[in-house]
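Chains A, B, C and D, in that order, are what the protein sequence lines are. Here the first sequence is numbered in the numbering used here, starting from 3 and rising by one per residue. Here the second sequence is numbered in the numbering used here, starting from 259 and rising by one per residue. Here the third sequence is numbered in the numbering used here, starting from 113 and rising by one per residue. Here the fourth sequence is numbered in the numbering used here, starting from 6 and rising by one per residue. A virtual CB, placed ideally from N, CA and C, is assigned to each residue, including glycine.
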Amino acid sequence: MSMRLPKQNGEWINRSKPVKFTFEGANFEGYEGDTISSALWAGNERILGRSFKYHRPRGVLSLANHDVNVMVTDTVDTNMRGDVVAVKAGMKLTAVNTEGGVRNDRSRYIDKMAKLLPVGFYYKAFHTPKSMFPFWENIIRKAAGLGVVNFEYPRILKRKTHRHCDLLIVGAGPTGLTAAIVAAKNGLEVVIVDENAQAGGSLTYDRAGSPEPLSQLQELMAEVARHSNITLMTGSYAAGYYTDHLVPIVRPDGIVKVRARAVIVASGVFEQPPVFRNNDLPGVMLGSAAQRLIYRYAVKPFNNGVVVTANAHGYRVALDLLQAGCKVSAVIDLRANGESGPLAAEVARKGVAVRKGSCIYEVLPQAGNMGVRGVQVCNYDEERAEADASSIETIECDGVAMCAGWAPAAALLYQAGTAMRYDNEVHQFVPNRLPEGVFAAGKVNGVYKLEDRMHDGARAVAEAMRHLGMDAPAVTVAAHAGAAPSHPYPVVPHPNAKNFVDFDEDLQVKDFINAAKEGFDNIELMKRFTTVGMGPSQGKHSNMNAIRILARIRGVAPEKIGTTTARPFFHPTPIGHLGGRSFHPHRVTAMHSWHKAAGAVLSEGGVWVRPAYYAKPGMSAQDIVQDEAMSVRTSAGMIDASTLGKIEICGPDASHFLERFYTGSYGSQKVGEIRFALLLDEAGVVVDDGVAARIADDKFYVSTNTANAAPVYREMQRWLQKWKLNVWLINVTGAYAAMNLAGPNACKILSKLTSDDISEKAFPASHFMEAKVAGVTARILRVNFVAEQAYEIHVPAPQARAVWEAIMEAGAQEGLRPFGTDAQRLLRLEMGNHLVSHDTDGLTNPFEIGAEWALRMGKPFFVGQRSLKIIAKRSVTKRLVPYMLDEGYSGEMPQECNLVINASGEIKGRVTSIAFSRSVGRVIGFAYVDPADVAPGSRFQIRADSGAMVNATVVKTPFIKSSNEGDQA
Amino acid sequence: MTTAPQQTPVASAQQRLSPKMTVAHGMEIPLEFSSAEIEHKRKVNLGVCDVSCFPRFGVKGRNVVQWLQENKVDIPEPNSWVQQGESLVLRLGNGEFLVEDQFEGKLCAALDEAVMPEAYGVYKIRRNDAALMLSGSHVQELFSEICAIDLRDGALLPGKLVMTQMAGISATVLRQKFNGEDVFRIWCDGTYGSYLWDTLLEIAEESGGGAVGLSCYYKEML
Amino acid sequence: MKLLKCPVNGERPLSEFVFGGEVREMPDPNTCSDQEWAAYVHYRNGAPGMKKEWWYHGPSGTWFIAERDTMLDEVARTYLYGQEEKQ
Amino acid sequence: MPLRLLKYALSREHPAPRFFRACEKPKDSYDVVIIGGGGHGLAAAYYLAKDHGITNVAVLERGYIGGGNTGRNTTIVRSNYLTPEGVNFYNASVKLFEDLSQDLNLNLFYSTRGHFTLAHTESAMRTMRWRAEVNKHVGVESYVVGPDEISKACPQLDISCSGQAPILGALYHAPGSVARHDAVAWGYARGADQRGVEIYQNTEVTGIDVQGGKVRGVHTSRGYIATNKVLSAVAGFTPRVCKMVDVQTPIVIQPLQACVSEPMKPWLDTILVSGSLHVYVSQSSRGELVMGSSLDPYEVHSTRSSLDFVEGLTSHILDMFPFLSNVKIVRQWAGMADITPDFAPIMGKTPVDGFYLDAGWGTWGFKATPISGKSMAETIAKDKAPELIHSFRLSRFEEYELTGEKGAASVGH
């Protein structure tokens, strides 16, 4: 039997577009515009899902994105929320978290064992004997969780965009729409969002059987359409509030990050379920859910229902049910005095029996809890929250609409830092102190009457305008009059429980009482112990009742209990939306396409992508690296060194600046000379090294390690401000490309391309010159980092590739080949040069790496100097030494970071660099060792991965035979 | 001796598109990526054009304003720009300037040759900008995805420039009138050029835009 | 994301900035004791309050000072180093 | 079903007593006052009573117990640190954790799942080996594994990380575990309470009375309490408490954020951490993915959430697990972390006699809860810090003897 109603004015479904789909193997037909739940309900399917803990059948509860017991999978996607996800043709749906289907779920036995599973039961058992815990844990893990993740699900790219506006309005109900219109008339640029597929809020469903709300909505929408400065986004929810009015709006196709100058939260309220036995059966739903079914989807909630209420809304719902052709067997009003006024009169006129001072004692289930067969109604003592079981009367029905009150949808307000207070006039938390630029209006602000809500929207706009520095008249809104829209304690005790407070987590009233008994009588502790509000609906229908129950247990006002913290997100938000299109910035050098064409295998160094080595068919990476290095030793090789940081220090105080910044001496440096530049932090830790070339009296050209260009430049800028020197810093890291031509034939090759004399004699090591290379003005630095004969050629980036190619061509005869960073690491090792952050770590001081020679301790000041004076008084605990393994060593090759272990088995240091050098014919490296073992010839032991001890001998650097000088000191 | 033209910083990213190249201001630069018709369509939606070939001159220092004035350069307010003849003069923050000659501009060459007396304490800044030109109906959509700040007309005012982050890297942006239409100019460090180019194209292509060559904007000049 | 106002470039999202720590007076390295120096290097004024901090606007390379309440994460004012009085 | 649960089904009245008494009015004096009712403070109280027979102890908690970082962390327990001192210390904690459910007679869901620290770069691989070698040296089961072994333990992981940061290997740490963090605090609270310790919630310390360099008492929102020994165990609030006694520390406060997905059936059996991607993730017994990232980049004394964090984290999670595109994040939150310059805690005595510090726990405090409690209890009882925590002393900064944990600057959760 179909529950579909004839056309309802304003309905959201498109009857010309039927949609066929299956649920749990059965065929269903809905319409475009239906949600999964509404289409199923229209097809008279009531068992839409099973609850998380007890596996009880569940149906429609809110139809407002917190029916988390109705989660389905279409085999591709999982945990799809039936109450809000649109139904699509061809969907093959099943409920998640069942064993054997939603009707015959084998896990339903758990419901019968509920008594064995008291609140927090998992803390109380399963841990003894200890050996059994993994067994129980496995069972518990499998029982937990909802849907099964589809590992084949594609990574979906969602756009994330920014949007700026004067005013963001969250919620496009009558309050929000009115606010938008008023703001737009005042010239503000407005973005208004609503999570529902269509705007209108309560006007779309809460009608009390009258056509009036729909025409009011149509008027508002027509007015909105007239303003080009209003952007209305429906099907879009505000997921959270972040500092300085940043609100991400989640839409089906992505996220819009709205940065507003002011925000009005007109997000309304969530209807709250009264608590009574079996209030979770399929067919028992919130009054607003019944209204949504009727007016949005033209679906009859049930045929013969009762309304249990504690406010005027229940009477409106009764009228809507009647309008839809439902029989309403009774309106059961918790309040002793019931409702008076026109609504009550209208309900009475329509012949509906009203029972004041009554409650539903329990809902009578159909077999297997599959639905409702009736309700037991009895007298209710509102003050004491007691049901008089002696007065029970049974009413037959197949559905219940619940209308006991509301909780504010105040998550964004909380996140913005709003202090809320409990208002006894409306029995609801309302904003007390709002943060700057954030305003609340409508029901979330405790304003219920329709005209008042619209006024309240206008009032909020006026306040927002004043916040924005505009003039706006004060708008006053009438205080709430009459009965409270929410009942202070809509809870009916029952000895057999199953009176649910939290439908996500299957929590009953007694769970709260027992948690309090165990000492968890503070709302946050109670939340954690019972897990109330921690399910996917995040307490939207449970937190308020939990607060009311705890307040009652402790005998205090709800305000004293406070609320739990509302964290983002307002609704669970997909990872794909949040991750979106991600950006992975990286830098490439001017020679990048040359490298790729030459077969370079690229690696990342900081933000740079650069060649590790150049692949050769049929050769292992290891062999290639040895070959590349060998060519530097025997003839010549060239590496793209563009990734080095390059900074120009200009101005009359340039040398003075360097003297303070680096450890060395630069005042006496002659133009054309290069000096080592060692940088420490204030604690005396080595953070960078490079060279400083004096290219003019008032100009130095300084290099830094690849990864440090930006931070070193930044620190230079900062120190410069403090020191107030006449210095100008220019970061030319990207403007200059660099290539290091190295090897015995380097001079010969380079000479072919320059008319300047670059011979060893005319242009010795540690010198700088400007010369034309292949017709391009180049800065050439003699830096012996990878080889004795090496020319670091810096040229403007746009010309670099041409220069690189010219050199490669010029060197073809000599067998010049490019090398990558892997060979460079080996080459510098052979030269005895350590690498900062490879051979040092975050605590290394210069004494530990034998860099005393680079310190000019006699200078008046340099960064880190004062700390070094303190450190110098202490004994060094480890020192970096160059070492070799024994000749012909063929055992297990130690790895970098293997430990240096002394005879008594203590850790004395570690290997920081190790490699076989074909040039030296030995395995060489750097290691930290006991300071007692640093003399050349000292022996120490390295423990390899397998535990094997490998002998090593301390040696002098450079490892390779030098033609002229000794080590770098 | 090489006579090879200079290379645009975006070259490695453009390679896969096999553009028809030309040499402008000594730099090899894409002239056309596709037919004029297709490029025009792209440009209407969202055209991305590499104009790195324009000559540029950067300078900073103690008396930079005085020096520029003496060399007959109009001085804009901080974070603003002025068009001087066929050249743009950008003032990046307070004390740094970037001059860019458009097709016919000669200012950079003149400044390059101008004397920089030591006493002035002004220093030339070697630059390697990836310089792009964007226009079309979807530009703001693109900006909204790669930039957190408002670059719409009401926020990025004529004559103003903005140094901000785009797709995670530092960039300078301004809006200029060009042949009667609004175009946006973006400058970033050349070593990020290929990355930015690829990122912009990926997004532009989703809205019917794409790479356009120099001829799309500068037909008459070429 | 929080907004921060660079005195040169105006209000920008925090992602454009690098935090440079609290502004701290360096003791005279020539006259201070080892202990005073070690305290300067290692110890921080970690309690919440209104603090003067270094911030760096990356795209423009601008260091400036922000006076920020570290409890509320609210910035009272920003200015270039040494130009406190001009603001 | 275990028989233990039967009594709940059989009795009319809920048969469980309070975990801890509701204390309202503190006594005039205590032997020891502990500031901070998180895991650390409660554990210290528990071991003071249990190991040293000191039961005249008050624990003062500003909010509710376990409400600070104890309830905000991502519950990972491990000992695969870099320095021998670090490994030994955390290993002692792991050992205590392993028997803690039985010791406290509360199921803490201590679940040993194995822990992989993924390396995406050569330098990260080096650090993994370094840690593995030190761990092995001290007898902790950690070793470097290749991509194949990672895939075997977590076949769903995209080893190429969507091509953005291919995984080269990992440090595997067999004892890596997760536990129910709240329960740890509750268990210690119950154990301490049963032994006579008094726990005061909603009780703020407003000042510490120091005379002649010695602690004399504390001023609280419930009045003055005389005592000669005060332990500060207040992650996120250490600088404020230290200011009360004029003790300088290097600690700055930075928020650390985390988030949790909706529940799904179990598929992620191990704990994964990636320093390069700033991600750590495990799946809880409820079926939720619990995820965290690196610290927020500047000092803030509040627990506000940021969108940047969750955007960055999810983007990296997708690099690792592309199929999670439509799995939803339910909730994000933040804690305030005490950050030290060498990524190690500060424990032990201070220049003020009777003022003990258990601080600087950064992002790694939960895993140390049992051993820090035990060590601080001993320090207080004997007025001398045990050797195990010697390298974490406050004076190390003035002595330029920072711990070596700074050597491996990677995410340390």
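| Query | Result |
| --- | --- |
| Proximity winner among 960/A, 959/A, 869/A, relative to residue 144/C (alpha-carbon distances) | 869/A |
| Cα-Cα separation between residue 525/A and residue 717/A, rounded to whole angstroms | 48 Å |
| Span of the beta strand (DSSP E), counted from its first residue to its last, around residue 702/A | 701 to 706 |
| Among 439/B, 328/B, 445/B, 285/B, the one whose alpha carbon lies nearest that of residue 432/B | 445/B |
| Straight-line Cα distance separating residue 130/D from residue 415/D | Note that residue 415/D has pLDDT 40, beneath the 50 cutoff, so the model's placement of it is unreliable and no number is given. |
| Residue closest to residue 383/D, alpha-carbon to alpha-carbon, out of 57/D, 47/D, 35/D | 57/D |
| Selection of the region 167 to 180 of chain D by Cβ proximity to chain A, strictly under 9 Å | 167, 169, 170 |
| Helix, strand or coil at residue 371/A according to DSSP, with G and I counted as helix | helix |
| Proximal residues of chain B, C-beta to C-beta of residue 236/A below 8 Å | Going along chain B, no residue has its Cβ under 8 Å from residue 236/A, so there is no contact; the nearest lies around 20 Å. |
| Host alpha helix (DSSP H) of residue 652/A (start-end) | Counting along the chain, residue 652/A falls outside any alpha helix (DSSP H), though it belongs to the beta strand (DSSP E) covering 647 to 652. |
| Inside the region 159 to 204 of chain A only - beta strand (DSSP E) runs reaching at least 3 residues | 161 to 172, 192 to 195 |
| Cβ-Cβ distance between residue 328/A and residue 306/A below 9 Å | yes |
| Bridge-paired residues (DSSP) for residue 266/D | 334/D |
| Buried versus exposed, by CB contacts within 10 Å (16 or more), residue 193/A | buried |
| For residue 35/D, three-class secondary structure by DSSP | coil |
| Coil, strand or helix - residue 375/B by DSSP | coil |
| Cα-Cα separation, residue 481/A to residue 210/A | 23 Å |
| Backbone secondary structure at residue 122/A - three-state DSSP | coil |
| CA-to-CA distance, residue 774/A to residue 382/B, given in whole angstroms | 19 Å |
| Cβ of residue 869/A within 9 Å of any chain D Cβ | yes |
| Nonlocal neighbours in the same chain, by C-beta distance under 8 Å from residue 749/A, ignoring five residues either side | 760, 761, 762, 791, 793 |
| C-beta neighbour in chain B for residue 642/A, strict 9 Å | no |
| C-beta contact flag for residue 412/B and residue 355/B at 9 Å | no |
| Buried or exposed by the 16-neighbour rule on C-beta atoms within 10 Å, applied to residue 337/B | buried |
| Within 8 Å of chain A by C-beta, residues of the region 157 to 185 of chain C in sequence order | 166, 168, 173, 175, 185 |
| First and last residue of the uninterrupted beta strand (DSSP E) at residue 324/D | Here residue 324/D belongs to no beta strand (DSSP E); instead the alpha helix (DSSP H) covers 312 to 325. |
| Exposed unless 16 or more other CB atoms sit within 10 angstroms - verdict on residue 855/A | exposed |
| Per DSSP, cross-strand counterpart(s) of residue 796/A | 740/A, 781/A |
| Beta-ladder partner(s) of residue 361/A, from DSSP | 380/A |
| Between the CA atoms of residue 558/A and residue 1057/A - distance to the nearest angstrom | Residue 1057/A is absent from the structure shown; chain A starts at 3 and stops at 971. |
| CA nearest to the CA of residue 143/A, picked from 291/D, 380/D, 353/D | 291/D |
| Chain-ordered chain C contacts of residue 346/B [CB-CB under 8 Å] | Correct list: empty, because the minimum Cβ distance to chain C is about 18 Å. |
| Any C-beta of chain A under 9 Å from that of residue 404/B | yes |
| Buried or exposed by the 16-neighbour rule on C-beta atoms within 10 Å, applied to residue 835/A | buried |
| Cβ-based burial, residue 232/A [other Cβ within 10 Å; buried from 16] | buried |
| N- and C-terminal bounds of the beta strand (DSSP E) containing residue 474/B | Taken as a continuous stretch (DSSP letters only), residue 474/B belongs to no beta strand (DSSP E), being part of the alpha helix (DSSP H) at 473 to 476. |
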